[in-house]
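Student: Structure below; questions to follow.
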Amino acid sequence: MPGAGRLAFDRVDDGATANGAEQAARQLIGHDIDALIGPFGSDAVVGALHLYVAAGIPVFLPAATIDLGALPEGVFRLCPNDRAIAQAILDRIRERGFQTIRVLSDGSPHYLALKSKVERLLATAAVSTDDIVPAQHPMATVFLGRLEASRDWLRGFRQGGEAEPVLFSDDAADPSVTRELTSMGDVEALAVPDSRDLEGARPFAAHHRNLFGEEPGTYFHEVIAAVQLVANLALRRAAQSARSVPPCFDGVPTVFGPARFVGGENERATLVWKNLGAASTGVVFSQEARS
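Dropping the structure here:
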């Protein structure tokens, strides 16, 4: 990776909370960092992004999908945003012909906000939720939540005898969600592409398998793309002997192809639907994410 040798990493755990992220931000800013890859959690972004922006530190968001409206200057999101996720959920519901939907969340601030966004889209599309038609059993359930919460909810849902199809949001796109279930049923999760879908990511995924003996996790490729952009920034700063090089990345090679950002959003961000209920995870629907 060109420029990677110039990078040194300082890692801080923000606990994926707003308060933890604020404390981590003050610590990292005090360390005089040149760029940030993170925060990873959407709730953490709320607590810390303004601090990095005020300090003039370029921020690369690999996994935080929260809808922030217009991203501040110097902030670059690699993953899709919640507007794209909500639209992809609506499109999938339409594709599968579901007329009544139950929408649930894990109760976290981010996923409560996404739940409201999905419900508003469903209302404009004339898709009923079980809150609107309580006597009618829903044709499917949408659960929006973090990985552990999604796994626990699905286990209780299936053990309680509920058999309708389930659509999960992106954090649940992991085989562990259904691993312990003897009868998992129809379960799909919205996800970002893996190395099978991204030719440029395959060498990195192979290296990950050699090091750790397993496939990379969700948002691995977004992290690699962020590192590629930071390495490019380091090279340009070294060439000009300055820290004030503008963070402009159009055309920079990444695992997604040449970078292209519009309003800080990655124009190459992509969403896929993965069937977690099948014997092997596979792409069943793909949609290019657009903000």
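Note that the numbering used here gives residue 174 to position 176 of the sequence shown, counting from 1, and the numbers run on in steps of one.
By construction, the Cβ of each residue, glycine as well, lies at the ideal position given by its N, Cα and C atoms.
Evaluate Phe166 with the Cβ neighbour count: other Cβ atoms within 10 Å of its Cβ, from every protein chain shown; 16 or more gives buried, anything less gives exposed.
Tutor: As a first step, residue 166 is located in the sequence shown; it is residue number 168 there, counting from the start. Buried.
Student: For a quick check, are the C-beta atoms of Ala171 and Lys272 less than 8 Å apart?
Tutor: For this step, residue 171 is matched to residue 173 along the sequence shown. For this step, residue 272 is matched to residue 274 along the sequence shown. Yes, Cβ-Cβ distance for Ala171 and Lys272 is below 8 Å.
Student: In this structure, what does DSSP give as the bridge partners for Val164?
Tutor: Position 166 of the sequence shown, counting from 1, holds the residue named residue 164. Thr139 and Val185.
Student: Kindly indicate which three-state DSSP category Ile83 falls into: helix, strand or coil?
Tutor: Translated into positions along the sequence shown, residue 83 becomes position 85. Reduced to three states, the DSSP call for Ile83 is helix.
Student: How far does the beta strand (DSSP E) with Phe74 in it extend, from its first residue to its last?
Tutor: Within the sequence shown, the letter at position 76 stands for residue 74. Its beta strand (DSSP E) spans residues Val73 to Arg75.
Student: If distances are taken between C-alpha atoms only, which option among Ala237, His108 and Gln97 comes closest to Pro136?
Tutor: Here residue 136 refers to the residue found at position 138 when the sequence shown is read from its first residue. Ranking the options by Cα distance to Pro136, first place goes to Gln97.
Student: My understanding is that Ala23 touches Ala46, with C-beta atoms under 8 Å, so please give their C-beta distance in whole angstroms.
Tutor: Walking along the sequence shown from the start, residue 23 turns up at place 25. Walking along the sequence shown from the start, residue 46 turns up at place 48. Confirmed, about 4 Å.
Student: With distance defined between alpha-carbon atoms, name the residue in Leu59, Thr63 and His48 nearest to Ile83.
Tutor: The sequence position of residue 83 within the sequence shown is 85, counting from 1. For Ile83, the nearest C-alpha among the options comes from Thr63.
Student: Apart from the five residues just before and just after Pro328, which ones in its own chain have a Cβ nearer than 6 Å to its Cβ?
Tutor: One cannot answer for residue 328 here, as it falls past the ends of the chain, which runs -1 to 289.
Student: Do Ala237 and Phe247 have their beta-carbon atoms positioned less than 8 Å apart in this structure?
Tutor: Your numbering for residue 247 matches position 249 in the sequence shown. Your numbering for residue 237 matches position 239 in the sequence shown. No, Cβ-Cβ distance for Phe247 and Ala237 is not below 8 Å.
Student: Any idea if Val250 is buried or exposed, counting beta-carbon neighbours within 10 angstroms, 16 or more meaning buried?
Tutor: Within the sequence shown, the letter at position 252 stands for residue 250. So Val250 ends up on the buried side.
Student: CB-CB under 6 Å to Ile321, same chain, minus the five flanking residues each way: which ones, in chain order?
Tutor: There is no way to answer for residue 321, as the model of the chain reaches only from -1 to 289.
Student: State the Cα-Cα distance for the pair Ala53 and Gly158, rounded to the nearest angstrom.
Tutor: Taking the sequence shown and counting its residues from 1, the one referred to as residue 53 is at position 55. Taking the sequence shown and counting its residues from 1, the one referred to as residue 158 is at position 160. Each residue's alpha carbon lies about 50 Å from the other.
Student: Which of the three DSSP states is assigned to Ile35 in this structure?
Tutor: Taking the sequence shown and counting its residues from 1, the one referred to as residue 35 is at position 37. Three-state result, Ile35: strand.
Student: Straight-line CA distance for Thr306 to Ala204?
Tutor: Residue coverage of the chain in this structure runs from -1 to 289, which leaves residue 306 outside it and unanswerable.
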